[in-house]
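Numbering (the numbering used here), first residue to last: 20 to 94.
Backbone N, C-alpha and C fix where the C-beta goes; we use that ideal spot for every residue, glycine too.
Remarks on the structure that follows.
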């Protein structure tokens, strides 16, 4: 999982908005059963495409700022 960027308001702009690399963002939270089933698939895919695509994830319940990012993007 070392190649998956953990997102927050602090790094969102640099890692996603201003990134020149195709970035796939996974919006998740630990109380979501579907998320817990999907996480290993996301991690495996990130490993397979390491160096070609940037993979990042945002825990939408980790902070109010993260919730606002998700809300603003209609997630």
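Quick one: is residue i buried, meaning 16 or more other Cβ sit within 10 Å of its Cβ, or exposed?
| i | result |
| --- | --- |
| residue 26 | buried |
| residue 77 | buried |
| residue 53 | exposed |
| residue 44 | buried |
So, helix, strand or coil for residue i, using DSSP?
| i | result |
| --- | --- |
| residue 79 | coil |
| residue 72 | coil |
At what residues does the alpha helix (DSSP H) containing residue i begin and finish?
| i | result |
| --- | --- |
| residue 60 | 52-67 |
Assuming residue i is part of the beta strand (DSSP E), what are its boundary residues?
| i | result |
| --- | --- |
| residue 24 | 23-25 |
| residue 94 | Looking at the DSSP string, residue 94 is not in any beta strand (DSSP E), and its letter there is neither H nor E. |
Which residues does DSSP list as the beta-bridge partners of residue i?
| i | result |
| --- | --- |
| residue 29 | BP columns for residue 29 are empty, so no partner. |
| residue 44 | 75 |
- Stretch pair the stretch 84-93 + the stretch 56-65: three plus CB contacts closer than 8 Å: No contact exists between the stretch 84-93 and the stretch 56-65.
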